[in-house]
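Some notes on the structure that comes next.
There are 2 protein chains.
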Amino acid sequence: MLKTSGISVAPLSVPERLLLGPGPSNSHPLVLEALSSQPVGHLDPFYIDLMAEVQDLLRHVWQTSNRLTLPMSGTGSAAMEATIANIIQPGETFLVGIKGYFGNRLADMASRYQADVKTIVKPWGEAFSVDDIEAALIKYKPSVFALVHAETSTGVCQPMKDIGDLCRRYDCLLILDTVTSLGSVPLFLDEWKVDLAYSCSQKGLSCPPGLGPFTMNQRAEEKLNNRKGKVPNWYLDLSLLNQYWGSDRVYHHTAPVNMNFGIREALRLIVEEGLENSWDRHRKNAEDLWQGLEVMGLELHVKEELRLPTLSTVKIPKGIDGKAFALHLLNKFGVEIGGGLGELAGQVWRIGLMGYNSQKKNVEKVLNLFDSELPKFKE
Amino acid sequence: MLKTSGISVAPLSVPERLLLGPGPSNSHPLVLEALSSQPVGHLDPFYIDLMAEVQDLLRHVWQTSNRLTLPMSGTGSAAMEATIANIIQPGETFLVGIKGYFGNRLADMASRYQADVKTIVKPWGEAFSVDDIEAALIKYKPSVFALVHAETSTGVCQPMKDIGDLCRRYDCLLILDTVTSLGSVPLFLDEWKVDLAYSCSQKGLSCPPGLGPFTMNQRAEEKLNNRKGKVPNWYLDLSLLNQYWGSDRVYHHTAPVNMNFGIREALRLIVEEGLENSWDRHRKNAEDLWQGLEVMGLELHVKEELRLPTLSTVKIPKGIDGKAFALHLLNKFGVEIGGGLGELAGQVWRIGLMGYNSQKKNVEKVLNLFDSELPKFKE
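From first to last, the protein sequence lines are chains A and B. Note that the numbering used here has the first sequence beginning at 2, numbered continuously upward. Note that the numbering used here has the second sequence beginning at 2, numbered continuously upward.
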């Protein structure tokens, strides 16, 4: 009866990589140690306490007091979908600011929840002005506006001044994608009047991928409570998750306990360093990278005042096969840098300095590699 | 600007637990070692090879040749929802066999995808007969029938003889929940003519929770390919995931790479032991547990021929506070056993012997604890 397919695999042996691409980044060794603890039950009193700690720590790095703040049991994309699935009702107008790959993803997701999706678009590498946004809010009267704070596909950091006020004035909820900014770039969710936000574990937090931090404020919660019918997504239903992560601790799904051990340690390390110190470190190392690249005659895709400290897009010089160069760095030196995504495919490299990997020695390493290896790829 | 909430948390220190409840079970130490490797990129050639290995290994433990076999980047519940989200079209009749908690969950999920949900019900602790199922297929003419193979809430293993043939005769797809059977209880998906199945990582596979193995055959794939409109769930959309896990390797979401290191090692260890040997080990240890409990005068909730080797439901004797006893074992001895869920709350304990924890020494430990500690709880 039993078919043995002659499977024989060797024990796992993971090659050593320095991950300087768009994420995942390398994890802090203490996070990996936490991850390798034996699991406990998802209703164990120890774990229940740990959940509360993770929630408090997430509130801190996001600078929010939102009660409903928790890591979704999936990657950042699951948390992204959670903001939409819980908040959008069929037929509602959902406005997305698209200035890169992840804006498109938001639009695709919202269409699956039967939103009437409207978009405002900027070239990949630019940011929206307050006027752009106000004009679109007037034109489309959306009930939800979604914006990407840190566009991993372009390396742009969206200035957030006045946008939250604008959304309140036009009676619209604001969703903010903070996937590539949480823990590493200044974020003030409450001050910015952001209603829902999400992130990931594998970038600024120095943890492996697998959890999607999620938060929603009282305004968003009220909308969820007043929605007609069940949330059309069981796994991401905040009204159910609230019973597990809220005070009731009612079983929803078996939590990924080890990943939560990891993120708790990751967040603790940020507190230990100091959140502002982490922001400053990311800024400083990014500036050193930019300067070093420019000294070599390379050009950055984004103008300085909009640049994201965590992810830099570097123009691939004419005549260079960007993909071959990145593969060379990976195969020969174990260093990963990213290629362009979507519209920027083939045009830029993406160099990430995120979380644990935002270190002076890594800046030097990648600059030295560009210096010594890139000339070999010139025609 | 920055609010420091005076957060100060100590480095993580996880208490030692022997997890003999409904899952998670303890992980194999080599799985935890794999989990703590530094991540690699989700498009790294090494990781691409590893994905193919994980897929092959999953096919083996499920005894299927289904092309679309992969771990969903969420827990078992996400994989459960994936079967429904991809296959159900609004208005279609979805029949669920409910004989425990997880049948109810399937019904809830299907209602969110606008299925016309019908149910057949059995008392918690029993299984469906082929006649029960045939009568319901005739009565409701469902396009999908979902059944739980191993009900974690009751400890019942559903006999699968003839059910797949029946579903084909009545032109209906068969979804099977194998959350508490994969790797530990005989499963022959192809032979049983199961069209879609899902499982979890934290039970028979000896890996922490966080991944949801998923599989669908050609029949199910055809239905997916012919569906009208997009799958109403982006994260679990198999038509997108297929591009990443299939031959194209198109980026969908950042895979939880470390969890995949873990499950690859977990599955490799099952192959190393021999799949049939693993099944036999689970059976033998469960039988020893049942015998030991009965010798002590305790009663099992399920009749022997329907019992699940991985999860045994034990009737709480009259006059005993079952919850207090379980808490005593946890706090005093670090041993977790489960309480009843849903209809069986307060009536049974649930003792799990799953994966790495299905060991003779653990059977002896739990029997000794019942022997020495239970009398202290008698009135």
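Every residue, glycine too, gets a C-beta built ideally from N, C-alpha and C.
Proximity of chain B to A/W235 at the Cβ level (cut-off 7 Å) is accounted for by E82, D109, M110 and R113, in chain order.
Interface annotation, A/T255: in contact with chain B, CB-CB separation under 8 Å. One thing to note: B/L370 has its Cβ no nearer than 8 Å to the Cβ of B/V349. B/S28 is a Cβ neighbour of B/C208, given a cutoff of 8 Å. Where A/K224 is concerned, the enclosing alpha helix (DSSP H) starts and stops at Q219 to N226.
Secondary structure of A/R18 (DSSP, three-state): coil. For B/I49, the enclosing alpha helix (DSSP H) stretches over residues P46 to W63.
Near chain B, meaning a CB-to-CB distance below 7 Å, the residues of the stretch 22 to 41 of chain A are G22, G24, P25, N27, S28, L33, E34, A35, L36, S37, S38, Q39, P40 and V41.
The contact set of A/R265 on chain B, defined by CB atoms closer than 7 Å, consists of L13 in chain order.
Straight through space, the alpha carbons of B/T84 and B/Y199 are spaced by roughly 8 Å. Residue contact with chain B for A/N243: absent (no Cβ-Cβ distance below 8 Å to any residue of chain B).
Comparing alpha carbon positions, the residue from B/L13, B/R106 and B/E374 closest to B/L330 is B/E374. The DSSP-derived three-state label of B/G213 is strand.
In the three-state DSSP reduction, B/T84 falls in the helix class (H, G or I). When rounded, the separation of the alpha-carbon atoms in B/K100 and B/T120 is 10 Å. Residue ranges of uninterrupted alpha helix (DSSP H) with 4 or more members, entirely inside the stretch 81 to 156 of chain A and ordered along the chain, are 102 to 113 and 131 to 141.
Those residues of the stretch 199 to 225 of chain B placed with their C-beta closer than 8 Å to a C-beta in chain A are C201, Q203, P209, P210 and G211, ordered along the chain. Taking C-beta separations shorter than 6 Å and ignoring five residues to either side along the sequence, the partners of B/P40 in its chain run V258 and N259, following chain order. The C-beta of B/V336 comes no closer than 8 Å to any C-beta of chain A. 8 Å or more divides the Cβ of B/K285 from the Cβ of B/S26. A contact between stretches requires three or more CB pairs, one per stretch, nearer than 8 Å, and the stretch 144 to 158 of chain B meets this requirement with the stretch 307 to 314 of chain B.
The three-state reading of DSSP puts B/M73 in strand, counting E and B together.
Not a single CB atom of chain A sits nearer than 8 Å to the CB of B/N87. Closest by C-alpha distance to A/N87, out of A/D372, A/T65, A/K123 and A/P233, is A/P233.
Take the alpha-carbon of A/L276 and the one of A/N67: they are about 18 Å apart. Interface annotation, B/T120: not in contact with chain A, CB-CB separation never under 8 Å. Annotation for B/R351: the continuous beta strand (DSSP E) segment containing it runs V349 to G353. Contact check for A/F146 and A/L96: beta-carbon distance about 5 Å, within the 8 Å limit, so the pair qualifies. The beta carbons of B/T216 and B/P23 sit about 23 Å from each other, so the pair does not count as a contact at 8 Å. For A/K316, the uninterrupted beta strand (DSSP E) run begins and ends at L312 to K316, by DSSP.
By the criterion of a C-beta distance shorter than 6 Å, B/L59 is surrounded in its chain by T70 and P214, once the five residues flanking it on both sides are discounted. Around B/V258, the beta-carbon contacts reaching into chain A at under 7 Å are P25, P209 and P210. Under DSSP, A/I264 shares a beta bridge with no residue. Chain-ordered listing is empty here: chain A has no CB closer than 8 Å to the CB of B/T70, the nearest sitting near 12 Å.
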